[in-house]
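The block underneath contains the structure these notes are about, expressed in structure tokens.
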Amino acid sequence: MRRGGYSGRGGFGHHSSSSSSDGRGYHGNPCLTMHQPWASLLVHGIKRVEGRSWPSPITGRLWIHAASKVPDPDTIKAMEDFYREIYAVDGITGINFPQHYPVSRLLGCVEVVGCLRSQELVCWEDVPQSVRLEGLTDFCWLCENPQKLVVPFEMRGYQGVYNLERRIYDGAVRGLTPVQGPLPVKFPLPDPRDRSSLKPGSLTFDAPKSALQKSPSVTAAIAGARAAATQFSKKDHNAAAACTSHVREQCSGNGDLPSIVQGSTAAYSQNLDAEPLRRPRLEYGASSRWH
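Here is the structure:
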């Protein structure tokens with residue numbers, strides 16, 4: 000599998016992938032396992048940027064599955080505080096956070112419409128400041144149109160971006176309901192005629208002029224969220240040591256870990272796949288991703 004660069008219509012990185020609007024392209028129904036509370040925050044439209052150390056391999060629908068680790072109250076509080084602070088920058092208060100953060104469940108889906116480097120997103124003046132403040136990782140997957148399952152499906156997750164089993168997809172797609180987040184965003188395309196034009200390197204910006212000014216409370220919230228991501232650092236380093244270069248081409252054992260552990264810019268969320276390295280059929284995944 001090739002890594003690096005823009006792979007064409009299907010994705011923004013090392014793999015081509017689903018190019019249809021519902022995610023049912025050549026590679027089926029892509030799904031990503033994430034830790035809580037990040038998984039639910041994404042499906043509920045609160046989190047609009049999915050960060051990784053590698054560019055998105057897909058465009059279109061991406062199913063979101065919550066890993067098996069039960070989030071501790073401090074982690075939930077840190078992330079909810081983070082989003083309260085960054086939304087307040089745009090004048091949004093009273094966020095309706097999920098009442099529960101279920102684990103080992105398929106939660107819903109989002110639409111991946113683009114992928115940018117963090118340096119591009121944080122300087123992008125065409126999106127709300129709260130979105131720019133989410134740009135804390137090497138690559139930022141831009142997500143729209145969150146939908147949640149009325150009844151989350153119990154299932155086992157896998158590492159990397161993988162195909163959702165057909166029987167699960169057939170049941171899940173009928174149980175989706177749209178979600179209205181606190182501040183929904185439609186990311187403008189550099190080329191409206193090309194749905195894949197929002198890719199790394201596609202934006203021009205003046206970093207000094209576009210730099211965000213952070214208040215002390217926002218800075219503190221970012222630090223707290225960053226600390227919440229470090230709880231898996233030991234496992235991440237162990238996974239990295241265990242992988243040979245050959246395995247790194249084929250597995251993402253290190254990929255679902257916070258980028259703060261992988262040496263990227265500050266990460267506040269994590270998508271450690273807590274399940275064993277078992278994959279159904281075809282896998283989109285990469286060797287190294289952040290978040």
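By the count of numbering that gives the first Met the number 0, the sequence shown reaches residue 290 at its end, each step adding exactly one.
All residues carry an ideal CB built from backbone N, CA and C; glycine is no exception.
Predicted model only: the values in this text are computed from it and were never measured.
Decide yes or no for the touch test of the region 149 to 169 against the region 119 to 130: beta carbon pairs closer than 8 Å, at least 3 of them.
no
Straight-line Cα distance separating Cys108 from Pro29
Position 30 of the sequence shown holds residue 29. Position 109 of the sequence shown holds residue 108. Going by the C-alpha atoms only, they are around 10 Å apart.
Three-state class that DSSP yields for Val260 in the structure shown:
Position 261 of the sequence shown, counted from the first residue, corresponds to residue 260. Unreliable positioning characterises Val260 in this predicted model, as indicated by a pLDDT of 33, which lies under 50. A coordinate reading is not provided.
Is the separation between the beta-carbon of Arg194 and that of Leu188 shorter than 8 Å?
Translated into the one-based positions of the sequence shown, residue 194 becomes position 195. Translated into the one-based positions of the sequence shown, residue 188 becomes position 189. In this structure, Arg194 places its C-beta atom within 8 Å of the C-beta atom of Leu188.
Residues near Val126 in its chain [Cβ-Cβ closer than 7 Å; skip 5 each side]:
Working through the sequence shown from its first residue, we reach residue 126 at position 127. Excluding positions up to five away in sequence, the list reads Val184, Phe186.
Do Arg51 and Thr176 have their C-beta atoms closer together than 8 Å?
Here the question's residue 51 lines up with position 52 in the sequence shown. Here the question's residue 176 lines up with position 177 in the sequence shown. Not closer than 8 Å, so no.
For Gln128, which residues of its own chain have a beta-carbon under 7 Å away from its beta-carbon, when the five flanking residues on both sides are left out?
Residue numbering aside, residue 128 sits at position 129 when the sequence shown is read from its first letter. Within the same chain, Gln128 has close Cβ partners Val88, Asp89, Leu211.
In or out: Arg173 buried (at least 16 other Cβ within 10 Å) or exposed?
Numbered from its first residue, the sequence shown carries residue 173 at position 174. Exposed, since its Cβ has fewer than 16 Cβ neighbours within 10 Å.
Leu182 to Met154, Cα distance in whole Å?
As a first step, residue 182 is located in the sequence shown; it is residue number 183 there, counting from the start. As a first step, residue 154 is located in the sequence shown; it is residue number 155 there, counting from the start. Using only the alpha carbons, I get a separation of about 30 Å.
Determine the extent of the beta strand (DSSP E) in which Arg104 is found, giving its start and end residues.
Along the sequence shown, read from residue 1 onward, the residue named residue 104 stands at position 105. Taken as a continuous stretch (DSSP letters only), the beta strand (DSSP E) holding Arg104 covers 104 to 116.
Given a cut-off of 8 Å on the beta-carbon distance, is the pair Glu84 and Val217 in contact?
The sequence position of residue 84 within the sequence shown is 85, counting from 1. The sequence position of residue 217 within the sequence shown is 218, counting from 1. It is a contact, given that the beta carbons lie within the stated cut-off.
As a quick exercise: from Asp71, Ala228, Ala65, Ile221, pick the residue whose alpha carbon is nearest that of Tyr86.
Stepping through the sequence shown from its first residue, residue 86 is reached at position 87. Selected option, being the one with the closest Cα: Ile221.
When the Cα atoms are used, what is the spatial distance from Phe11 to Glu143?
Numbered from 1 along the sequence shown, position 12 holds the residue referred to as residue 11. Numbered from 1 along the sequence shown, position 144 holds the residue referred to as residue 143. Each residue's Cα considered, the two are about 16 Å apart.
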